[in-house]
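Trainee:
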Amino acid sequence: MSTTNNNHYIKHGFAAVIGILVILAVFFGLLIWYVPNRPRPIDEKLIQDRYKALSQHQAEDGKKLVHYGWVDQQKQIVHLPIKRAMELTVNELHQQ
18 MSTTNNNHYI
28 KHGFAAVIGI
38 LVILAVFFGL
48 LIWYVPNRPR
58 PIDEKLIQDR
68 YKALSQHQAE
78 DGKKLVHYGW
88 VDQQKQIVHL
98 PIKRAMELTV
108 NELHQQ
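Counted the way the numbering used here counts, the sequence shown spans residues 18 to 113.
1) Just list the residues that DSSP pairs Ile94 with in beta bridges.
2) Helix, strand or coil, according to DSSP, for Gln113 in the structure here?
3) In whole angstroms, what separates the C-alpha of Val34 from that of Leu48?
4) Which residue comes first and which comes last in the alpha helix (DSSP H) that contains His74?
5) Quick one: what's got a C-beta closer than 7 Å to Gly86's C-beta in the same chain, skipping five residues either side?
6) Pick helix, strand or coil for Arg55, following the three-state DSSP scheme.
7) Mind checking whether His111 and Pro98 have CB atoms under 8 Å apart?
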């Protein structure tokens with residue numbers, strides 16, 4: 018009986034070692050594949066350009082929140098300041 022138990026432990030130990038080796042091989046394979054394919058660092062000029070574009074976009078959006086303007090002038094569609102739109106919505110809901 019002790020030989021069958023020993024064989025059982027040897028088989029499970031061997032399977033565990035093989036499993037660990039396979040996991041390590043997959044890990045290092047992915048690591049070797051990823052390292053050359055990682056994105057290059059972003060240079061400082063590109064970062065500054067993106068911040069500038071973001072601030073311009075936010076300024077344009079801020080203007081839309083507080084001023085009237087055309088969405089489509091041919092179809093007579095306008096955008097309202099957010100405060101006025103909320104007032105109209107509240108009045109409309111109170112009338113219902």
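Here a beta-carbon is modelled for each residue, glycine too, at the ideal position from N, C-alpha and C.
Mentor: Taking the definition as stated:
1) Here the question's residue 94 lines up with position 77 in the sequence shown. Bridge partners of Ile94: Asp89.
2) For the purposes of this step, residue 113 is identified with residue 96 of the sequence shown, where counting begins at 1. Here Gln113 sits in coil by DSSP.
3) For this step, residue 34 is matched to residue 17 along the sequence shown. For this step, residue 48 is matched to residue 31 along the sequence shown. About 21 Å.
4) Position 57 of the sequence shown holds residue 74. That run of the alpha helix (DSSP H) goes Glu61 to Val83.
5) Locating residue 86 in the sequence shown gives position 69, counting from the first residue. Taken in chain order, the residues that qualify are Val95 and His96.
6) To locate residue 55, count along the sequence shown from 1; it is residue 38. Looking at Arg55 - three-state DSSP - the assignment turns out to be coil, as it is neither helix nor strand.
7) As a working mapping, residue 111 is identified with position 94 in the sequence shown. As a working mapping, residue 98 is identified with position 81 in the sequence shown. No, the pair does not count as a contact, with Cβ atoms beyond the cut-off.
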